[in-house]
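Undergrad: Provided herewith is a single structure, encoded as structure tokens, for subsequent inquiry.
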Amino acid sequence: MLLIGAVAFAATAAVALFIPWLPEQVSREREGIDLTFWLATWICIAIFAIVAAVIGYSFLKFRVRPDDDSDGPPIHGHTGLEIAWTAVPFALVIAIGVVSAVVLTQNDKARGGNANEVSVTARQFLWTFEHPNGVTSGTLRIPVGRSTVLTLQAKDVIHSFWVPEFGQKRDAVPGIETRLVITPKRTGTYPVICTELCGLGHSLMRSRVIVLSEQEYAAWLREGEQAGGEPADGEAIFAQAGCGGCHTFGPAGSTAQVGPSLDDLPDDPEFVRTSILDPDAQIAAGFQAGVMPSFREQLSDEQLEALVQYLLGGSQ
Amino acid sequence: MTATTSETHAHEAQHAPPPQGWRRLTAPGWLRTLWMAPAFGALGMGIVLFFRWLGGWDPLWDMQPIVTVAGLVAFPLGYLAGIGCFDYWAYYISGGPTRPEDHSGHGARRWQDYLRVNTDHKVIGVQYLTTTIFFMLAGGLLAMLVRAELARPGMQFVDPQTYNGLFSVHASLMIFLFVIPAFAGLANYVLPLMIGAPDMAFPRLNALSFWMLPVGGVMMLVSFVVPGGAFAAGWTNYAPLADVNPFGNVFFQMGVQWAGASSIATALNFLVTIITMRAPGMTFWRMPLLVWANFSTSLLVVVATPFVAGSQFFLLFDRVVGTDFFRPDGGGYALGYQHIFWFYSHPAVYIMMLPGFGIASEVISVMARKPIFGYRLMALSLLAILFLGFSVWAHHMFVSGMADWLRIPMMITTLLIAVPTGIKVFSWLATLWEGRIHLDTPMLWALGFVSMFVIGGLSGIYLGAVPIDIHVSDTYFVVAHIHYVLLGGSLFTIMAGIYYWFPKMTGRMYNERLGKAHFWLTFVSFNATFFPMHWLGTQGMPRRVADYADRFADLNFFISVSSFVLGASFVLFLYNMVWSWRFGERAPANPWRSLTLEWQVSSPPPIFNFDEIPQVVGSPYEYGVPGARHAVLNGAARAAELEEVPPR
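If you read the sequences in order, they're chains S and R. Residue numbering for the first sequence follows our numbering, beginning at 1 and increasing consecutively. Residue numbering for the second sequence follows our numbering, beginning at 1 and increasing consecutively.
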């Protein structure tokens, strides 16, 4: 039985060690998360090995022929064993609980002073990030080595902000504000994923987070401030507003099929304008009302015009 | 023990002749349903239209309230009234002269008796099982459509609305129309037999419980053809997404009411039956663990299920009546929905698990030929899970933005559930130890359950520990976990139970070879399907998506292929059940040499179960104890006589 147990232990340990279970660790918060993960994993491997050993051994050793009519020994229990398998799991789960509580408390707090603050707005099916000096974009940019506190809110339904490499996740809930701390350790670009089912475009509600060095971040913020924070050319607006998340549009290289394709729009600026501001006014055949949000509050008049021109330019 | 057949039973009374001519339209049955259900529906519609007209509301024809009231409430009531669920009560309430009970609505003498309102718990048990297996197959087909879409990244077969509908309806059917009622069906059949009772405490309520059930399932399936598509907010149906879902969402909200009402009524019935109808000598500490398990489960159901009913009613009112329970715009609290929903739906996980624990205990003890190890601790751990189960709901909400302080206490209670669960697993292992293990099909399923449930329980520890949960919440890790628990746990034990009691229910043996082939095929393809999902989740694939990153493509293709094998394995099951029921070898009364009471009567049992009330004299699991008896069936005199004989 020890042999079976050792084999089960070795096999599961190999599965745990040789398969890269967790994505690249890019945040300080992930350190604690990974620690808890591996603590739980080793405890679980040990328990699984014990269970597998007993079942496997019983399978081989205590199996009888169908015509064997004898009964087993009438063992009704064993107080010592029963106390042991109540007490030991109790101690183990309390250990996991204590480690988790410590990690959780740490991960809730911004590390060091001078935390960067970003306000995140989620709506079907796009993210908008408002950086410290009011620069707004569809892509999150944060500095490396310093905590960023995200304040999340949702406009319509519940969404959830997750970057697997950061390990941290928090829902954006309409009506309340929620908060999430991330402290990236490395520069690079990582995916932002909505993990809470938020409607038809849920699987396409993606963005990116770009971790920059402090200098690059400061430069980007300055640049954005000078440009007025709001891009005025149609292509940039298309990208920032997340149109490509749902619509196919050749010039922008998007191929999504949640909403109708924008490649063959009628040459009618009024129609395009209305469709952006009041999407349910006219619904293309085969699509449903109530899926696309209105962009009335999101776009200034100039931006709307630029976007309409861009869309119509592309469809000719 | 004499084998008794129904024909010789003393209760076999003269039945009234079947109605003739136009009276067939007014006698309870499907003919009456044909006109009564539409009549009730029309009445419901009339009520809505009358009040809309009275209030001067425009438009008069608003489909939402009309369909909700006429289609989802009144029409099903008409159907229940038509088939005769309310006849006795209506007659009784109206104060008519007492009619002697002729038991014509009790027991099955022809196969047609399974298609009408029947008060026999054994008939109802079979009705439950066949209905739930139908919905399991429907839910399984939906799952395979989901996997077909997920076999490759991008959209291939269905549009996003249909996709979201597929997984929502899949989960709802499997939970509300398969796992919960399948356990209720098994218990319905064996529980009264096990405690030595002639039937359930409230046979008519029992019949009503069953006939309400398909209403919920049909509503969920029909939602696919509702304009706008099926409900597509997941089985959790979170507000406010549910509010902006197509109208099909109301079909879920009302479907849950019907299935939930069925569940609550059955649970009440079980509780009263267990508390008041145990045979003489059957103390609580002599009850088989399946009875203990259903006792705990029923307590969970009666306390928790009203909460899910409430949560769905509030959603319905928000949509149809215009209230603002969960609408932030009107001052509602979106997370309030989740608190109420999970206050049911976490205990629901135990509602879907505890009866399985009971089945596993029965099968393992009998087929290892040993007393269950630590019987009292096994029973007490069920109660411990019951109590802890009510204090853990917020672990589904660790990332939701609820009050931060709730997380650590809820994490501790969640992790503590591992203790009673561990007790059960270790006790099953200890029961196997030095046993004489017969690896018949039910035992394979039971052992498969123990090993798979251990994996599901261990991944539950990851989800209980808040920091890990924050990373893997709402990813495929959760999908893997829930399927290890509900497929490896609940479905495996349901299969163990069906194979184990098949001889008792049908009087025939199933095909052992096919049963084993079914087990191994399911076991292997199940692991191939769901184990890789853990990796998908930790690596970054969220759940409930129709499209995913290209780097997950190969593994998803493998998972889809495995899931088709998993689906195909149930063809073996179906063939085995249907063929064996018709042509299987005749089953003896007690093929497993079990001590519990249901095996001490003929297979299938007489219509009123026992010709005389059994006298319980000992524990149900005294395998290997020389001369031990659980019960004697020929009266108290024999019991007294038995006690005089000194044990060898």
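Ideal placement from N, C-alpha and C gives every residue a C-beta, glycine not left out.
Is G55(R) near A74(R), with beta carbons less than 7 Å apart?
TA: No, the Cβ-Cβ distance between G55(R) and A74(R) is not below 7 Å.
Undergrad: Would a check of beta-carbon distances place H705(R) closer than 7 Å to chain S?
TA: Nothing in the structure corresponds to residue 705(R), since chain R is present only between 1 and 648.
Undergrad: Since I believe G234(R) is in contact with A304(R) (beta carbons under 8 Å), could you give me their beta-carbon distance rounded to a whole number of angstroms?
TA: So it is not a contact: roughly 19 Å between Cβ atoms.
Undergrad: Count the other CB atoms, across all protein chains shown, that sit within 10 Å of the CB of A10(S); report buried if there are 16 or more and exposed otherwise.
TA: By the 10 Å Cβ count, A10(S) comes out exposed.
Undergrad: Between which two residues does the beta strand (DSSP E) holding C246(S) run?
TA: It is not in any beta strand (DSSP E) - C246(S) carries neither H nor E in the DSSP assignment.
Undergrad: Against chain S, which members of the region 18 to 40 of chain R pass a CB distance test of less than 9 Å?
TA: Those residues of the region 18 to 40 of chain R that come within reach of chain S (Cβ to Cβ, closer than 9 Å) do not exist; the list is empty.
Undergrad: Could you tell me the alpha carbon to alpha carbon distance between L307(S) and G154(R), rounded to whole angstroms?
TA: Straight-line Cα distance between these residues: approximately 27 Å.
Undergrad: Answer with buried or exposed for T274(S), where buried requires no fewer than 16 other C-beta atoms within 10 angstroms of its C-beta.
TA: Exposed, because fewer than 16 other Cβ atoms sit within 10 Å of the Cβ of T274(S).
Undergrad: Please classify L77(R): is it buried, with 16 or more other beta-carbons within 10 angstroms of its beta-carbon, or exposed?
TA: Buried is the call here.
Undergrad: Can a CB atom of chain S be found closer than 7 Å to the CB of H471(R)?
TA: Chain S contact via Cβ: present.
Undergrad: Between the alpha carbons of V454(R) and L574(R), how many angstroms are there, rounded?
TA: The alpha-carbon atoms of V454(R) and L574(R) are separated by roughly 28 Å.
Undergrad: Which value, in whole angstroms, describes the spacing of the CA atoms of L304(S) and I351(R)?
TA: Whole-angstrom Cα-Cα distance: 54 Å.
Undergrad: What residue range is occupied by the uninterrupted alpha helix (DSSP H) comprising F59(S)?
TA: R28 to K61 is the extent of the alpha helix (DSSP H) around F59(S).
Undergrad: Could you tell me whether the Cβ atoms of W393(R) and H438(R) are closer together than 7 Å?
TA: Not closer than 7 Å, so no.
Undergrad: Let me confirm a value: M378(R) is counted as buried when at least 16 other C-beta atoms fall within 10 Å, else exposed. Which label applies?
TA: Counting Cβ neighbours within 10 Å, M378(R) comes out buried, since at least 16 surround it.
Undergrad: Kindly list the residues whose CB is nearer than 8 Å to the CB of V226(R), restricted to its own chain and excluding five residues on each side of it in sequence; keep chain order.
TA: These residues qualify, in order along the chain: P246, F247, G248 and F251.
Undergrad: On the three-state DSSP scale, how would you describe F125(S)?
TA: Note: F125(S) maps to coil in three-state DSSP.
Undergrad: Any chance the region 68 to 79 of chain S sits against the region 619 to 629 of chain R, with 3 or more Cβ pairs inside 8 Å?
TA: They touch, by the three-pair rule.
Undergrad: Roughly how many whole angstroms lie between the Cα atoms of G105(R) and F270(R)?
TA: Their Cα atoms are separated by approximately 20 Å.
Undergrad: Closer than 9 Å, Cβ to Cβ, to anything on chain S: give me those residues from the region 433 to 451 of chain R, in chain order.
TA: So the list reads W433, E434, G435, R436, I437, H438, L439, D440, L447, V450 and S451, given in the order they occur along the chain.
Undergrad: With DSSP run on the structure shown, which of helix, strand or coil describes D550(R)?
TA: D550(R): helix per DSSP, three-state reduction.
Undergrad: Using a C-beta to C-beta distance shorter than 7 Å, which residues of chain S count as neighbours of F373(R)?
TA: Per Cβ cutoff of 7 Å: I75 and G77.
Undergrad: If we count the other Cβ atoms within 10 Å of its Cβ and call it buried at 16 or more, is Y92(R) buried or exposed?
TA: Exposed.
Undergrad: Between which two residues does the beta strand (DSSP E) harbouring K169(S) extend?
TA: Taken as a continuous stretch (DSSP letters only), the beta strand (DSSP E) holding K169(S) covers K169 to A172.
Undergrad: Count the other C-beta atoms from every protein chain shown that fall within 10 angstroms of the C-beta of Q253(R), then say buried if there are 16 or more, exposed otherwise.
TA: Buried, since its Cβ has 16 or more Cβ neighbours within 10 Å.
Undergrad: Quick one, are the C-beta atoms of A265(R) and P355(R) less than 7 Å apart?
TA: In this structure, P355(R) does not lie closer than 7 Å to A265(R) by Cβ.
Undergrad: Taking 7 Å as the threshold (C-beta atoms), are A8(S) and A40(S) in contact?
TA: Taking 7 Å as the Cβ cut-off, A40(S) and A8(S) do not qualify as a contacting pair.
Undergrad: Roughly how many whole angstroms lie between the Cα atoms of L35(S) and T105(S)?
TA: So the alpha carbons of these two residues sit roughly 14 Å apart.
Undergrad: Count the CB pairs spanning the region 463 to 482 of chain R and the region 406 to 415 of chain R that are closer than 8 Å, and state whether there are at least three.
TA: Flag = yes, the region 463 to 482 of chain R and the region 406 to 415 of chain R touch.
Undergrad: By the 7 Å beta-carbon criterion, what residues does the region 17 to 36 of chain S contribute toward chain R?
TA: Residues I19, W21, L22, P23, G32, I33 and T36.
Undergrad: Using 7 Å as the limit for Cβ to Cβ distance, is I158(S) near chain R?
TA: So yes, I158(S) belongs to the interface.
Undergrad: Given this structure, state the Cα-to-Cα distance separating H159(S) from L415(R), to the nearest angstrom.
TA: Going from the Cα of H159(S) to the Cα of L415(R) covers about 27 Å.
Undergrad: How many Å lie between S569(R) and V173(S) at the Cα?
TA: Computed Cα separation, rounded: 42 Å.
Undergrad: Can you give the Cα-Cα distance for V578(R) and K122(R), rounded to whole angstroms?
TA: Cα to Cα, V578(R) sits roughly 18 Å from K122(R).
Undergrad: Buried or exposed, going by whether 16 or more other CB atoms sit within 10 Å of the CB of I133(R)?
TA: Flag for I133(R) reads buried.
Undergrad: Select from the region 181 to 206 of chain S all residues with a C-beta closer than 8 Å to any C-beta belonging to chain R, and list them in chain order.
TA: Going along the region 181 to 206 of chain S in chain order, one finds P191, I193, C194, T195, E196, L197, C198, G199, L200, G201, H202, S203 and L204 with a Cβ nearer than 8 Å to chain R.
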